[in-house]
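> To start, I am sharing the structure in question, which I have written as structure tokens.
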Amino acid sequence: MIVNINGRDLLASPEETLLQVARRNGIPIPTLCEHAGLEPWGGCRLCVVEMTRGGTGPVRVVPSCLQPVEDGLRVETHTPRILRIRAVLLDLLLARTPDARRIQELALEHGVKRTSFVPRRDPDKCILCNICVRACAAVGADALGTAGRGAAGRISLPFGDDASACVGCGACALSCPTGAIEMTDRGSERRIWGRTFQRLPCPSCGAPTLTREHAAHLAGRSGLPAESFGACERCRREQASRLFLDLVGK
Amino acid sequence: MTRRITDAAHLERLRAELQAARDPARSAIAVCAGTGCVAYGSRKLAAAFRDAVTARRVDVEVRATGCHGFCERGPLVVVFPSRIFYQRVQPADVEEILDRTVAKGEVIDRLLYADPTTGRKYVHEDEVPFYAHQHRLILGFNGKIDPESLDDYVANGGYRALARTLTSMLPEQVIEAVTKAGLRGRGGAGFPTGRKWALCRQALGNPKYVVCNADEGDPGAFMDRSVLEGNPHGVIEGMILGAYAIGAHEGYVYVRNEYPLAVERLSLAVEAARARGLLGNNILGRDFSFDIQITRGAGAFVCGEETALIGSVEGNRGQPRFRPPYPAQSGLWGKPTVINNVETWVNVPLILDRGPDWYAGIGTAGSKGTKIFSLVGKVNNTGLVEVPMGATLRHIVFEIGGGIRDGRAFKAVQTGGPSGGCLPAEKLDLQIDFESLTAAGSMMGSGGMIVMDDRTCMVDVARYFIDFLLEESCGKCVPCREGLTQMSHLLHAITEGRATDETLASLEALAPVVQDASLCALGQTAPNPVLSTIKYFRDEYLAHIRDRRCPAAVCKSLITYTINDKCTGCMVCARQCPEHAITGERKKLHVIDPAKCTRCGICHSVCKFDAVDVR
Amino acid sequence: MSATVEPTCDLTKLDPILARYPAERRSLVMVLQDAQKTYQYLPRPVLERIAEALKVPRSHVYHLATFYKAFSLEPRGRHICTVCLGTACHVRGALRLVEHVERRAGIKAGATTPDLELTLETVNCVGACALGPVVIVDGEYVGSATTTKLDKALKGIVKGAVEEQQA
Amino acid sequence: MAKRLTVTPSRCIGCRTCEIACAFSHPVGAPAGPPLPGLTRIRAFPVRPPERGIPVVCLQCDQAACAKVCPTAALQRDDQTGAILVHEERCIRCRACVWACPWGNVGFDGVRTQVYKCDLCGGDPQCARYCPSRALEQLD
Numbered sequence: 001m002i003v004n005i006n007g008r009d010l011l012a013s014p015e016e017t018l019l020q021v022a023r024r025n026g027i028p029i030p031t032l033c034e035h036a037g038l039e040p041w042g043g044c045r046l047c048v049v050e051m052t053r054g055g056t057g058p059v060r061v062v063p064s065c066l067q068p069v070e071d072g073l074r075v076e077t078h079t080p081r082i083l084r085i086r087a088v089l090l091d092l093l094l095a096r097t098p099d100a101r102r103i104q105e106l107a108l109e110h111g112v113k114r115t116s117f118v119p120r121r122d123p124d125k126c127i128l129c130n131i132c133v134r135a136c137a138a139v140g141a142d143a144l145g146t147a148g149r150g151a152a153g154r155i156s157l158p159f160g161d162d163a164s165a166c167v168g169c170g171a172c173a174l175s176c177p178t179g180a181i182e183m184t185d186r187g188s189e190r191r192i193w194g195r196t197f198q199r200l201p202c203p204s205c206g207a208p209t210l211t212r213e214h215a216a217h218l219a220g221r222s223g224l225p226a227e228s229f230g231a232c233e234r235c236r237r238e239q240a241s242r243l244f245l246d247l248v249g250k
Numbered sequence: 001m002t003r004r005i006t007d008a009a010h011l012e013r014l015r016a017e018l019q020a021a022r023d024p025a026r027s028a029i030a031v032c033a034g035t036g037c038v039a040y041g042s043r044k045l046a047a048a049f050r051d052a053v054t055a056r057r058v059d060v061e062v063r064a065t066g067c068h069g070f071c072e073r074g075p076l077v078v079v080f081p082s083r084i085f086y087q088r089v090q091p092a093d094v095e096e097i098l099d100r101t102v103a104k105g106e107v108i109d110r111l112l113y114a115d116p117t118t119g120r121k122y123v124h125e126d127e128v129p130f131y132a133h134q135h136r137l138i139l140g141f142n143g144k145i146d147p148e149s150l151d152d153y154v155a156n157g158g159y160r161a162l163a164r165t166l167t168s169m170l171p172e173q174v175i176e177a178v179t180k181a182g183l184r185g186r187g188g189a190g191f192p193t194g195r196k197w198a199l200c201r202q203a204l205g206n207p208k209y210v211v212c213n214a215d216e217g218d219p220g221a222f223m224d225r226s227v228l229e230g231n232p233h234g235v236i237e238g239m240i241l242g243a244y245a246i247g248a249h250e251g252y253v254y255v256r257n258e259y260p261l262a263v264e265r266l267s268l269a270v271e272a273a274r275a276r277g278l279l280g281n282n283i284l285g286r287d288f289s290f291d292i293q294i295t296r297g298a299g300a301f302v303c304g305e306e307t308a309l310i311g312s313v314e315g316n317r318g319q320p321r322f323r324p325p326y327p328a329q330s331g332l333w334g335k336p337t338v339i340n341n342v343e344t345w346v347n348v349p350l351i352l353d354r355g356p357d358w359y360a361g362i363g364t365a366g367s368k369g370t371k372i373f374s375l376v377g378k379v380n381n382t383g384l385v386e387v388p389m390g391a392t393l394r395h396i397v398f399e400i401g402g403g404i405r406d407g408r409a410f411k412a413v414q415t416g417g418p419s420g421g422c423l424p425a426e427k428l429d430l431q432i433d434f435e436s437l438t439a440a441g442s443m444m445g446s447g448g449m450i451v452m453d454d455r456t457c458m459v460d461v462a463r464y465f466i467d468f469l470l471e472e473s474c475g476k477c478v479p480c481r482e483g484l485t486q487m488s489h490l491l492h493a494i495t496e497g498r499a500t501d502e503t504l505a506s507l508e509a510l511a512p513v514v515q516d517a518s519l520c521a522l523g524q525t526a527p528n529p530v531l532s533t534i535k536y537f538r539d540e541y542l543a544h545i546r547d548r549r550c551p552a553a554v555c556k557s558l559i560t561y562t563i564n565d566k567c568t569g570c571m572v573c574a575r576q577c578p579e580h581a582i583t584g585e586r587k588k589l590h591v592i593d594p595a596k597c598t599r600c601g602i603c604h605s606v607c608k609f610d611a612v613d614v615r
Numbered sequence: 001m002s003a004t005v006e007p008t009c010d011l012t013k014l015d016p017i018l019a020r021y022p023a024e025r026r027s028l029v030m031v032l033q034d035a036q037k038t039y040q041y042l043p044r045p046v047l048e049r050i051a052e053a054l055k056v057p058r059s060h061v062y063h064l065a066t067f068y069k070a071f072s073l074e075p076r077g078r079h080i081c082t083v084c085l086g087t088a089c090h091v092r093g094a095l096r097l098v099e100h101v102e103r104r105a106g107i108k109a110g111a112t113t114p115d116l117e118l119t120l121e122t123v124n125c126v127g128a129c130a131l132g133p134v135v136i137v138d139g140e141y142v143g144s145a146t147t148t149k150l151d152k153a154l155k156g157i158v159k160g161a162v163e164e165q166q167a
Numbered sequence: 001m002a003k004r005l006t007v008t009p010s011r012c013i014g015c016r017t018c019e020i021a022c023a024f025s026h027p028v029g030a031p032a033g034p035p036l037p038g039l040t041r042i043r044a045f046p047v048r049p050p051e052r053g054i055p056v057v058c059l060q061c062d063q064a065a066c067a068k069v070c071p072t073a074a075l076q077r078d079d080q081t082g083a084i085l086v087h088e089e090r091c092i093r094c095r096a097c098v099w100a101c102p103w104g105n106v107g108f109d110g111v112r113t114q115v116y117k118c119d120l121c122g123g124d125p126q127c128a129r130y131c132p133s134r135a136l137e138q139l140d
């Protein structure tokens with residue numbers, strides 16, 4: 001299947017999206033809510049491109065993270081109209097999250113230094129890109145979701161404070177593009193979503209490893225006993241070398 | 001009498017029996033039982049009629065019917081066989097109607113409809129101008145049948161199309177007929193129904209589903225409600241035909257949470273259809289089974305959008321999804337699904353009963369058949385108007401609608417709901433069809449038609465729609481969620497006199513981005529009301545911005561209430577004013593203190609001497 | 001933001017509702033609607049029990065319940081006054097009616113009076129546009145509503161609704 | 001078939017050159033100036049007194065626990081080299097792989113919040129190249 005992007009004919013396989021083809025060929029398209037390991041969301045719209053079918057039809061603006069490739073598509077990723085859309089979207093996001101560094105950087109790249117809109121009152125850094133919710137669902141905990149609707153929506157636990165489903169793996173905090181989710185590890189304690197988790201001590205060296213809930217969760221999904229997840233990497237390597245030693249017999 | 005209808009012939013025998021049993025000369029009283037008339041007490045009225053008839057032991061049938069469409073004049077009563085049309089009937093009039101009209105055929109003058117401008121009275125329903133200029137193919141059923149009686153529907157030709165189709169047509173032929181008739185979706189976008197069905201039939205994947213979109217979220221539109229309440233079997237028959245055409249065996253009707261009566265009537269109809277063998281297995285004895293489930297919406301305008309509706313039926317948050325894949329290929333639970341609006345479904349039996357050529361003869365080249373508009377706002381005759389495609393706005397607003405209330409000047413008509421636009425007087429002679437409305441910067445939408453007079457502020461209307469859409473936005477995509485937030489800030493700045501030319505410029509710059517980049521139709525069409533009001537009423541925007549003035553005297557921050565010399569000193573306004581901003585002794589000219597006045601408008605509404613000016 | 005747990009929250013009333021629908025995600029919206037009709041709102045224990053019964057994550061039930069306007073997670077008043085703000089009602093001055101009830105009942109639209117007597121809600125169209133502006137008080141439609149008609153409908157519900165006027 | 005990295009523990013002299021070679025061949029970008037050596041994917045533990053060590057490195061297992069437990073398929077085998085590679089853009093940093101690997105050969109760089117493991121240096125493992133005692137070799 002041939003897709004023409006910015007004048008170059010590129011080979012593409014049917015299940016690919018325009019974004020994947022562009023990335024594979026080094027064509028830079030900005031994204032925020034796209035995450036290669038998660039279901040596409042199509043919310044931030046930063047990855048929009050201009051597309052026409054067969055070069056003759058009407059020009060349509062489509063999100064490249066979701067638009068499947070079709071034979072004979074003509075795509076332009078950096079037309080004035082697209083650049084204007086990206087600039088305004090980042091201008092809008094700057095008004096929503098003025099102190100999110102990733103948004104400031106992206107906005108600057110698109111020529112937007114300050115927002116020309118009304119900044120949100122007491123803003124946080126969350127741009128509602130839903131990566132944390134999808135990541136939590138991928139992990140299998142399903143502890144997060146969007147409460148409320150529209151502009152009043154915000155990421156939250158059920159009932160705002162029920163962290164019982166959270167296993168404390170930290171995937172949400174570590175994959176959030178703007179660092180809007182606080183997670184602190186101090187000694188063997190991990191604090192996230194207002195809950196304190198105890199990280200299991202490594203049986204041999206005592207270093208904090210994963211949380212008890214995460215170990216139980218992994219055990220549940222893999223069928224292995226929870227203890228098999230408890231040792232820290234260093235000690236497990238050491239045990240591995242002892243094992244080899246016994247094998248070798250010297 | 002829940003005997004199962006075994007096959008098409010049996011249905012026709014039943015129809016003949018029912019029609020023979022009907023004595024057209026028999027007197028009957030049809031009381032409208034649509035939500036509008038029920039709100040004005042038509043249920044009590046119908047009970048009063050029944051009690052009076054039983055008390056008098058006369059052979060008069062009292063029948064509840066669906067919404068006649070002229071809700072503002074409810075409760076509506078039509079006396080058969082003479083079809084004399086009475087409006088605003090109260091229980092107190094029951095005895096007089098039975099004595100004079102039913103018994104002696106005399107017309108009760110005070111209950112007749114009087115044309116507000118000419119004062120002329122009309123006796124029969126089809127003479128009343130509101131009805132006379134209409135072409136009531138669909139709404140015509142509402143007046144004739146009792147929505148809770150399947151026999152009534154059959155006696156009026158109901159399920160004939162289904163019987164003939166199941167016995168003599170192949171599914172492809174049904175699709176061909178609908179395509180040839182030129183039926184287009186009545187939900188708003190006008191996608192050709194035949195093509196949608198064909199796409200779904202050819203799509204791989206089973207089972208297939210048909211869905212009736214009865215979310216009708218457009219404010220100011222209530223034609224789906226009155227069809228569901230007045231002729232539920234028409235919708236059911238349409239869905240069975242659609243299911244047969246694409247090869248589906250399961251159907252869903254997604255009804256708005258705000259329509260309890262529609263849900264009740266539809267449930268009764270579905271149960272009746274099942275009991276009589278028109279739903280469930282082997283319909284009419286044929287090798288085709290199909291059943292319908294009713295799912296209630298839960299208060300989300302965005303669920304009128306197809307993929308959001310699918311999400312809601314699947315038990316998720318009603319958030320739209322990217323297309324392709326289109327629902328025809330992958331809809332409910334990933335299976336091929338056809339979603340059509342209530343009005344689209346109810347057109348299908350007409351096409352198959354009277355033929356695609358007859359249907360294609362109605363309407364314009366590009367838009368076939370009739371369209372039901374809900375004509376509301378500052379117009380004299382408010383209600384449901386069914387006209388062939390191609391009728392002009394002037395015909396609907398003035399000839400059918402009876403012109404503007406209180407003789408004021410026409411200013412604009414808003415069509416297409418929140419996705420539509422406001423059209424000024426110069427567009428009154430526009431022939432309405434899908435393409436012409438879109439070209440004028442508005443949209444057909446579901447058919448809401450809100451008439452505005454000179455006391456309506458267009459900037460306030462634009463702000464109203466943006467605030468409406470901001471509240472109804474699902475919040476998934478940035479251009480809609482954040483874009484509408486900022487457009488609302490900008491419009492509030494204008495209506496509160498805090499704006500500059502820059503505000504208008506940035507509104508016009510932001511709108512195309514929201515249109516281009518939004519994920520679904522809600523966001524893509526949200527700027528239409530703003531852009532169309534700027535296009536046709538730019539001077540009003542500039543009045544708000546530059547002169548800090550609201551020409552229609554609506555925007556609170558820009559208007560002042562003053563008392564003129566017509567004031568008789570009756571003190572009513574002073575007592576009612578919640579901010580105690582009005583001072584003055586009895587029988588003396590009163591004064592409003594502008595500092596305290598919050599412009600709530602109560603003084604203006606309670607003053608009987610028109611002594612309060614708003615500028 | 002956690003809803004207060006009602007001691008009187010009797011979960012057994014939920015069983016007939018859960019029995020009516022298949023225990024899967026597609027029944028969620030309908031179960032919530034029937035639950036709201038039974039309990040007048042959706043208390044936390046009810047939502048938790050529904051999540052368990054339908055084998056759906058709690059976050060899914062909660063976050064869905066906060067999406068749809070028909071569901072309320074806060075206790076609602078014994079009486080519900082709903083003012084329609086559809087376009088037809090808006091151009092006929094519906095906003096004034098909302099402000100009027102807000103003043104009379106001392107609460108903002110969307111809130112419930114502290115004594116749980118009245119909930120004031122707005123809705124974006126109830127489909128009775130020809131009778132605009134429309135207000136629904138406990139299921140009874142008030143067509144072409146005016147402040148005086150509204151006060152009559154709210155008599156006895158909102159203290160001072162009518163008495164204050166005569167003073 | 002790709003050449004396999006083989007470990008002959010008895011030949012290991014515990015010099016840990018392999019660890020240095022591995023660190024240098026996985027440089028990390030420094031905030032300023034040239035890139036710095038990264039984290040080693042191989043450890044030779046001096047478990048056998050006085051000088052013998054046992055090198056432990058990812059075995060690119062056929063039934064890799066790390067790949068199986070990854071919820072977003074961020075660990076996938078490279079057909080040419082046979083190595084299981086970390087697709088950084090697919091990783092949601094839940095670190096299930098780190099705790100699932102029975103040999104502890106999957107690490108997590110807390111500073112750069114990235115999972116790291118042996119990638120066989122794209123088919124030419126540097127640890128084997130610099131191992132003085134042929135404890136680590138690349139054989140067919």
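From first to last, the protein sequence lines are chains A, B, C and D. Residues 1 to 250 (our numbering) make up the first sequence, in order. Residues 1 to 615 (our numbering) make up the second sequence, in order. Residues 1 to 167 (our numbering) make up the third sequence, in order. Residues 1 to 140 (our numbering) make up the fourth sequence, in order. We put the beta carbon where it would ideally sit given N, CA and C, even for glycine. Small disclaimer: the values here were computed from a predicted structure and weren't measured.
1. Are any of the Cβ atoms in chain C nearer than 7 angstroms to that of P219 of chain B?
2. Could you give the DSSP three-state label for S226 of chain B: helix, strand or coil?
3. Give the secondary structure of Q80 of chain D by DSSP, where H, G and I count as helix, E and B as strand, and everything else as coil.
4. Is the shortest distance between the beta-carbon of L66 of chain A and the beta-carbons of chain D less than 7 angstroms?
5. With DSSP collapsed to three states, give me the class of A595 of chain B.
6. Please confirm whether S25 of chain D has its beta-carbon closer than 7 angstroms to some beta-carbon of chain A.
7. Starting from A138 of chain A, trace the alpha helix (DSSP H) in both directions and tell me its first and last residue.
8. Helix, strand or coil for Y62 of chain C, going by three-state DSSP, please let me know.
9. Quick check on this structure: which residue in B:T344, B:C32, B:H580 and B:V102 has the alpha carbon closest to the alpha carbon of A52 of chain B?
10. Would you please state the rounded distance, in angstroms, between the beta carbons of V69 of chain D and S175 of chain A? I believe it to be under 8 angstroms.
11. Could you confirm whether any beta carbon from chain C is found closer than 7 angstroms to the beta carbon of R149 of chain A?
12. Just mark V319 of chain B as buried or exposed, buried being the case when its beta carbon has 16 or more other beta carbons within 10 Å.
13. Excluding the 5 residues preceding and the 5 following Y62 of chain C in the sequence, name in chain order all residues of the same chain whose CB lies nearer than 7 angstroms to its CB.
14. Taking Cβ to Cβ, would you say H44 of chain C is nearer than 7 angstroms to F159 of chain A?
15. Counting only Cβ pairs nearer than 7 angstroms, list the residues of chain A close to T188 of chain C.
16. If the cut is a Cβ gap below 7 angstroms, which residues of chain A does A517 of chain B touch?
Concretely, from the data shown:
1. yes
2. helix
3. coil
4. no
5. coil
6. no
7. I131 to V139
8. helix
9. B:V102
10. Not really, about 17 angstroms apart at Cβ, beyond 8 angstroms.
11. yes
12. It is worth fixing the name first, because residue 319 of chain B is Gln in this sequence and not Val. So Q319 of chain B ends up on the buried side.
13. L47
14. First, the residue type needs correcting, since residue 44 of chain C is Arg and not His in the sequence shown. Yes.
15. Examination of residue 188 of chain C is not possible in this model, given that chain C is present from 1 through 167 alone.
16. R45, V48, V61, I85 and L89
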